[in-house]
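Reading through the structure tokens given below for one structure.
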Amino acid sequence: MQSIDGHSTACCNIPPVISSGYTPKGTYETIGGLKIYVSGPASAKKALFIIYDIFGYFEQTIQGADILAQGAEEEYQIFMPDFFEGNSADIAWYPPVTPEQMKALGDWFETRKPYIAVDRIPRIVMNIEERYGVKSWGAVGYCWGAKAIALTSGKITPWKVAAQLHPGMIEVDDAQKATIPMMVLASEEEKNEMEAYEKALNVQKYVETFEGQVHGFLSARADLGDEGKRREFERAYGILYPQLPTRMHPLALFILGYFILFITANLHSLYDTWTSSTLYCVRAPYTISTLSPSSPHPQCFRTRIDLITQVLDNIPSVEDGEKITWLNGYVLPGIIESHGHILQYGEMLESVELYGVKSVGDVRERIKEWLGRHRGEGYGEREKWIRGVGWDQAHFGGVMPTAEQLSEDPELKDLYIMLDRVDIHCVWTSEKVLSLLSDPLPEAPPGGEIITNPGPGVFCDNAMDGIIYPLTPKPDVSQKVRWLKSAMAELNRVGITAMSDAGMRAEDMKILQELARRDELSVRIRVMAECAERNTYCHQDLRQVKVMRDGSGGGDMLLFGGIKLFADGALGSWGAALLEPYSDKPENSGMMLINEMELTEVVKKYYHWDYQINIHAIGDRANRAAINAFEAVLGSDCHGCNQERRLRIEHAQIIHPDDQARIEKMGILPSIQPTHATSDMAYAQSRLGEERLSTSAYRMRTFFPSSTHKHSYSSYPGPVLGSDFPVEPPNPFHGMYAAVTRLDPRTGTSPMGQRGWYPEETLSIEQAIHGFTRNAAWGWNLENKTGAIGTGMWADWIVVDSDVMNMDGERAEELRNVKVLGTWVKGKNVFLSESEGVVELDAGYSSGDRFLVGMKEVGRRLVREIRVLLFESGKVEL
């Protein structure tokens with residue numbers, strides 16, 4: 001085998017190799033929110049991007065990186081990102097011989113495929129180039145990292161040259177797709193694969209197998225105390241040590257060949273140069289509202305790839321070839337929905353819609369109408385149940401429905417039917433479903449209720465989860481993907497660019513991870529993990545999702561939002577746990593789904609492992625239990641000490657005044673759904689009575705910090721807002737309407753008239769908008785990334801048809817009719833209404849003209865590169 005540039009593979013004298021106790025020469029920096037090992041002089045403009053093996057930052061790997069940073073004739077910067085974020089594999093698992101080792105390594109690999117590096121490389125490279133001024137890249141990967149390098153060395157690549165070291169995950173397909181010069185240094189363990197791999201590499205290459213060396217001999221498993229192995233370590237780095245980004249493009253290549261390689265290797269960066277920087281402007285001043293104090297109403301902003309790179313108060317003079325994209329409407333930051341259920345919403349979009357039905361007879365008619373639209377599709381069979389959502393017994397005279405009532409219609413009698421109550425805390429089933437259960441019915445599990453009065457058919461909370469759900473047909477992955485995509489399309493249509501999914505299990509998170517990897521998410525999703533067995537410490541499930549910690553396992557589109565726990569049920573079904581009995585059911589105080597002591601213990605476990613904890617709590621007893629559990633980990637003397645962890649209470653609907661003060665003291669974050677208040681107000685009076693309603697229930701303004709109660713020890717901005725879709729429709733402007741008016745967005749009414757329901761808790765329009773944007777970002781610990789339009793923020797925004805920022809007072813009624821004209825996520829348009837002229841492009845260069853401008857730049861850069869090569873070969877002076 002001949003080396004690429006003809007040099008002897010042992011010609012270079014590398015710095016002395018330290019057998020043990022090596023002291024790194026670089027530093028650990030945070031770049032774009034990710035820890036990265038940086039070595040070499042900051043003035044160097046050539047860099048090597050190094051991807052470690054599965055064992056992460058090992059001493060031997062860092063020493064190898066430092067060797068490469070010093071170069072043979074000039075120095076380079078070295079950047080080695082911590083893609084595992086401290087959760088690397090344990091070297092004691094390797095080689096995996098015992099069943100325990102095999103399982104541990106298999107579980108680790110399950111959620112740490114090389115794609116987690118591939119997905120993040122473009123963004124990291126861009127961040128480094130902007131911060132350090134890097135102009136030219138080579139790449140080196142060890143085993144797992146070598147696979148990531150192979151996957152990023154195709155037609156679109158930031159690398160000029162790459163090296164794969166003991167590449168244990170190689171595939172011939174990867175070699176066939178390579179378009180840049182490649183070095184492959186293999187251990188004896190990869191020997192059998194090397195011949196086919198080398199043959200498939202149709203690029204300039206150097207391939208060598210190091211006899212007698214184990215997999216990992218150049219990184220974590222390097223035995224530098226053994227003289228022979230240390231010599232091979234030195235010899236290998238002696239091959240790599242020459243200047244990779246230049247020596248790997250030797251003068252011996254024909255100029256035409258070099259030109260082709262140059263174009264291919266730089267296609268991605270040139271494409272960015274030509275097209276990725278986009279200037280968006282509005283013609284009328286004050287129609288962009290950034291929610292950023294530094295520039296609240298600019299006229300323009302620029303984006304590059306998926307970030308906002310510049311905010312401009314005035315319309316600038318554009319550069320040659322640049323176009324202005326005009327946004328005709330009112331521009332706001334993208335809406336962040338803080339509590340929804342995307343998979344269930346997608347399923348609901350294909351189900352019988354029962355919101356607002358006024359009688360059981362209406363339910364039967366809705367089901368038959370739906371079946372008429374799906375005739376011949378097999379619905380109602382054992383393997384394909386009819387699903388519906390949205391019924392509320394409050395519309396049926398306050399009496400729970402029964403299975404027998406569904407069977408009163410002969411067309412429905414023999415069908416499997418399951419209908420979710422409006423709050424998703426109870427299901428109403430048909431007699432065919434009941435026939436699958438024992439007779440008499442099984443006892444309800446703790447935290448669950450089986451309704452038998454006036455007859456059987458309704459199962460609530462843990463009875464629903466433990467008895468009915470296991471009987472339901474299980475949707476396959478393709479169904480779930482369809483539900484997710486249809487749900488995202490609907491969310492984009494109403495202006496939602498990001499959401500918190502309030503409880504998803506590991507198998508469904510894997511589907512989201514795959515969609516994120518394929519860049520098929522149009523909504524940023526921050527997932528709260530839900531255990532297969534609710535309210536337990538499910539370390540096996542969490543091992544599957546730790547990869548989704550912010551910024552990994554799906555880039556910035558799929559994020560990990562901690563754990564979801566459930567303290568109680570819902571108010572409408574008398575399941576919310578109260579300190580005192582229900583006013584309309586004095587024998588009942590609701591039920592805890594987990595007792596207070598167990599809740600505190602499980603909170604302690606998750607807190608110890610650094611998870612954000614999100615507790616569903618509706619009743620005042622459940623809220624007190626959640627606050628007690630949080631106080632147990634934050635400390636009784638806590639003053640604003642939730643600033644870092646941002647522990648949340650989901651719903652926070654009924655809270656005793658004493659506990660409201662404790663929430664404010666600790667800075668616990670309430671996650672509130674304004675439309676729950678306006679939906680529940682029809683029966684909340686009867687459930688709770690006047691005193692509890694007026695002092696404890698559906699607080700909103702109470703939880704916003706007033707000008708006289710802001711604390712220097714916390715940046716807490718106020719509660720986060722959402723809808724809890726599909727319990728309520730996801731339209732955020734209806735949520736804002738409910739918050740600003742305390743009126744029902746469907747009818748514009750309340751039991752207290754047009755002043756609204758307990759109007760002292762209304763919000764200003766600014767507070768409402770912030771609840772769906774800036775506050776929501778704070779709740780994610782990402783207030784520097786999203787929630788506003790500003791330099792360095794994610795490029796997520798919407799265009800609406802009216803001036804939402806001024807819809808206070810009498811204009812608040814207009815919130816019910818706001819129309820979203822366009823939605824952008826990651827700088828990409830994901831929804832555009834049928835209205836004409838929402839987006840308007842200035843006349844400018846044609847695409848052909850623009851290509852020629854780009855090609856002139858290619859020519860300039862190419863001439864410069866060739867002159868550098870000639871200079872380095874001693875043929876010409878610069």
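Each residue of the sequence shown is one higher than the last, beginning at 1 in full-length UniProt numbering. C-beta: ideal position from N, C-alpha, C; glycine also. In this text, all values refer to a predicted model and were calculated from it rather than measured experimentally.
If residue i and residue j are in contact, beta carbons under 8 Å, what's the gap, nearest whole angstrom?
i, j, result
"residue 280", "residue 327", "6 Å"
"residue 815", "residue 703", "Between residue 703 and residue 815 the Cβ distance is about 21 Å, and since that is not below 8 Å, they are no contact."
"residue 586", "residue 681", "About 22 Å; that fails the 8 Å criterion."
"residue 701", "residue 743", "Their Cβ separation, rounded to whole angstroms, is 15 Å, which puts residue 701 and residue 743 out of contact at 8 Å."
"residue 196", "residue 161", "That belief does not hold up - the Cβ atoms of residue 196 and residue 161 are roughly 22 Å apart, past 8 Å."
"residue 144", "residue 66", "Contact doesn't hold; Cβ gap of about 20 Å is too wide."
"residue 626", "residue 632", "Actually they do not touch by this definition, with Cβ atoms about 11 Å apart."
"residue 761", "residue 575", "The Cβ separation is near 24 Å, so there is no contact."
Among the options, which residue has its Cα nearest to the Cα of residue i?
i, options, result
"residue 720", "136, 182, 647", "647"
"residue 468", "351, 783, 387, 741", "387"
"residue 416", "424, 430, 425", "430"
"residue 312", "343, 344, 278", "278"
"residue 402", "372, 198, 373, 364", "364"
"residue 534", "486, 523, 595", "595"
"residue 822", "755, 229, 495, 699", "495"
"residue 493", "831, 542, 77, 82", "831"
"residue 174", "149, 195, 160, 88", "149"
"residue 296", "213, 186, 331", "331"
"residue 499", "798, 305, 776", "776"
"residue 483", "318, 346, 133", "346"
"residue 911", "658, 536, 644", "Residue 911 is absent from the structure shown; the chain starts at 1 and stops at 878."
"residue 372", "395, 412, 404", "412"
Please work out which residues of its chain come closer than 6 Å, Cβ to Cβ, to residue i, disregarding the five sequence neighbours upstream and downstream, and give them in chain order.
i, result
"residue 451", "400, 458"
"residue 728", "675"
"residue 521", "515, 557"
"residue 20", "none"
"residue 59", "22"
"residue 671", "338, 339, 648, 650, 720"
"residue 303", "278, 795, 827"
Quick one: Cα of residue i to Cα of residue j, how far?
i, j, result
"residue 654", "residue 621", "9 Å"
"residue 478", "residue 349", "16 Å"
"residue 796", "residue 588", "47 Å"
"residue 324", "residue 833", "20 Å"
"residue 366", "residue 352", "7 Å"
"residue 604", "residue 565", "12 Å"
"residue 298", "residue 787", "16 Å"
"residue 667", "residue 611", "17 Å"
"residue 393", "residue 421", "8 Å"
"residue 368", "residue 435", "22 Å"
"residue 509", "residue 473", "20 Å"
"residue 634", "residue 641", "7 Å"
"residue 827", "residue 334", "11 Å"
"residue 528", "residue 203", "46 Å"
"residue 550", "residue 560", "Confidence at residue 550 is low in this model, with a pLDDT of 39, below 50, so the placement of that residue should be treated as unreliable; the coordinate-derived value is given next. About 6 Å."
Looking only at its chain, what residues have a beta carbon closer than 8 Å to the beta carbon of residue i, apart from the 5 residues adjacent to it on each side?
i, result
"residue 18", "63, 224"
"residue 190", "166, 167, 168, 170, 209, 215"
"residue 69", "25, 26, 39, 40, 48, 75, 76, 77, 78"
Can you find a heavy atom of the ligand NAD that lies under 6 Å from the Cβ of residue i?
i, result
"residue 78", "The ligand NAD is not part of this structure, which contains no ligands at all."
Start and end of the beta strand (DSSP E) containing residue i?
i, result
"residue 415", "Neither: residue 415 is in no beta strand (DSSP E) and is coded neither H nor E."
"residue 388", "386-391"
"residue 633", "Residue 633 -> not in any beta strand (DSSP E); alpha helix (DSSP H) instead, spanning 620-634."
"residue 200", "First-last for residue 200: 191-200, but that is the alpha helix (DSSP H), not the beta strand (DSSP E)."
"residue 304", "300-304"
"residue 502", "496-504"
"residue 339", "335-340"
Can you list, in chain order, the residues of its chain whose CB lies under 7 Å from that of residue i, leaving out five sequence neighbours each side?
i, result
"residue 724", "339, 340, 673, 676"
"residue 656", "579, 620, 624, 696"
"residue 300", "279, 280, 281, 312, 315, 316"
In terms of residues, what are the limits of the alpha helix (DSSP H) holding residue i?
i, result
"residue 666", "657-666"
"residue 127", "121-132"
"residue 681", "674-695"
Does residue i get closer than 7 Å to chain D when you measure Cβ to Cβ?
i, result
"residue 581", "Among the chains in the structure shown there is no chain D, since it carries only a single protein chain."
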